[in-house]
Amino acid sequence: MPVQIPDDTDFLSFRDQCESQDGWVARYNKGGVTVWCRDEECKTVQKLKMRIVCKDVTAETLYDVLHDTSYRKKWDTNMIDTFDIGRLTVNADVGYYSWKCPSPLKNRDFVTMRSWLPLGNDYLIINYSVKHPEYPPKKDYVRAVSLLTGYLIQSSGANCCTLYYLTQVDPRGSLPKWVVNRASQLVAPKAMKKIYKACLKYPEWKRKHEPNLKPWRYPEQNMLPCINVADLTVQRADSLENIDESSVSEEKAQHHSDDDET
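The sequence shown begins at 1 in UniProt numbering and counts up by one.
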């Protein structure tokens, strides 16, 4: 399938999904974080939606934090590696991201096309998985598939905003039920709080690290090599290895440092 760069209709549809309550079931609501689940036809491809109110953080700061891959290495303890591969347009690029899973589950990685759009008082970032000829699946990772993942940031005052995070990912494996439950009850809320804490520290960090460099805002600063969209295809899940990890017990799994508050 050819890759389509999202247009305004796609962004508006994503915003509607974030704001809609229809068909969503709340699984967690505590400490300013809400997590909803929506079971699709395939039980391994669960849709998760999260929301957190970020006080003392502007929508612009949150937007910068989610874009800034240099800063992400400071706060995203789930991440193994991330880097930008190339740009497609002034508001679309292709990137790589890998993240830790609790041992003995295999770590996952993605190659995604990301697109972003400021829309009035809102900021949107969405992505889905693509195939890039120079970044095939790696031996030590399971190549997972983002069907649709993204952020909606809504300004709610001079120094306050609300963040929605919606994700539908195929992990390419039959995961044990405890992993799915843990994602909604523990991992997702902690991840949202971690983003919030990262936002509070970002202005000071950015002042010391190329404070004027924000290529997501100023396209003329973007030095990434250009990619032809015709060289990409949509990453279909059925073309990737599917592994069965459903028998891994929670007791055997070694939970990584994400459980530690930082």
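Even glycine gets a Cβ: it sits at the ideal position worked out from N, Cα and C.
In DSSP terms, what residue i is bridged to
{"i": "Val-145", "result": "Asp-170"}
{"i": "residue 271", "result": "Summary: the structure shown does not reach residue 271, with the chain confined to residues 1 through 262, and so no result is reported for it."}
{"i": "Asn-29", "result": "Thr-34"}
{"i": "Pro-83", "result": "With the sequence shown as reference, residue 83 is identified as Phe, and Pro is not the correct amino acid for it. DSSP, once it has assigned bridges, lists Tyr-96 as partnering Phe-83."}
{"i": "Tyr-128", "result": "Met-113"}
{"i": "Thr-89", "result": "Ala-92"}
Simplified DSSP assignment, three categories, for residue i
{"i": "Arg-154", "result": "Position check: residue 154 holds Gln in this sequence, whereas Arg was assumed. In the structure shown, Gln-154 sits in a strand (DSSP, three-state: E or B)."}
{"i": "Trp-216", "result": "coil"}
{"i": "Thr-61", "result": "helix"}
{"i": "Glu-41", "result": "Confidence at Glu-41 is low in this model, with a pLDDT of 45, below 50, so its placement is unreliable and the value that follows should be read with caution. If DSSP states are grouped into helix, strand and coil, Glu-41 belongs with coil."}
{"i": "Leu-48", "result": "strand"}
{"i": "Cys-101", "result": "coil"}
{"i": "Asp-244", "result": "strand"}
Status (buried if at least 16 other CB within 10 Å, exposed otherwise) for residue i
{"i": "Ser-103", "result": "exposed"}
{"i": "Ile-5", "result": "exposed"}
{"i": "Leu-232", "result": "buried"}
{"i": "Pro-136", "result": "exposed"}
{"i": "Val-25", "result": "exposed"}
{"i": "His-132", "result": "buried"}
{"i": "Ser-98", "result": "buried"}
{"i": "Gln-235", "result": "buried"}
{"i": "Ile-126", "result": "buried"}
N- and C-terminal bounds of the beta strand (DSSP E) containing residue i
{"i": "Pro-203", "result": "Premise fails: Pro-203 lies in the alpha helix (DSSP H), 188 to 207, not in any beta strand (DSSP E)."}
{"i": "Leu-119", "result": "108 to 119"}
Residue i Cβ short of 8 Å to the ligand FAD heavy atom set
{"i": "Glu-220", "result": "With respect to small molecules bound, the structure shown includes none, and the ligand FAD cannot be examined in it."}
Bounding residues of the alpha helix (DSSP H) (the contiguous stretch that carries residue i)
{"i": "Glu-19", "result": "8 to 19"}
{"i": "Tyr-135", "result": "Per DSSP, Tyr-135 belongs to no alpha helix (DSSP H) and is neither H nor E."}
{"i": "Trp-75", "result": "69 to 75"}
Neighbour flag for residue i against chain D, beta carbons, 9 Å
{"i": "Trp-99", "result": "Absence of chain D from the displayed structure is noted, only one protein chain being present."}
- [ ] Count the C-beta pairs between the stretch 86 to 99 and the stretch 196 to 204 that are closer than 8 Å, then say yes if the count reaches three, no if not.
- [x] no
Task: Any 3 or more C-beta pairs closer than 8 Å across the stretch 162 to 182 and the stretch 137 to 146 - done: Contact between the stretch 162 to 182 and the stretch 137 to 146 is present: three or more C-beta pairs spanning the two stretches fall below 8 Å.
Open item on the list: Would the stretch 26 to 35 count as touching the stretch 45 to 61 if we require 3 or more Cβ pairs under 8 Å?
Closed with: A contact is defined here as three or more CB-CB pairs under 8 Å, and the stretch 26 to 35 meets this definition with respect to the stretch 45 to 61.
- [ ] May I ask you to verify whether the stretch 149 to 160 touches the stretch 54 to 69, counting CB pairs closer than 8 Å and requiring at least 3?
- [x] yes
Open item on the list: Check whether the stretch 99 to 114 and the stretch 201 to 213 touch, using three or more Cβ-Cβ pairs below 8 Å as the test.
Closed with: no
TODO: Specify whether the stretch 79 to 87 and the stretch 1 to 16 touch according to this definition: at least 3 beta carbon pairs, one from each stretch, less than 8 Å apart.
DONE: no
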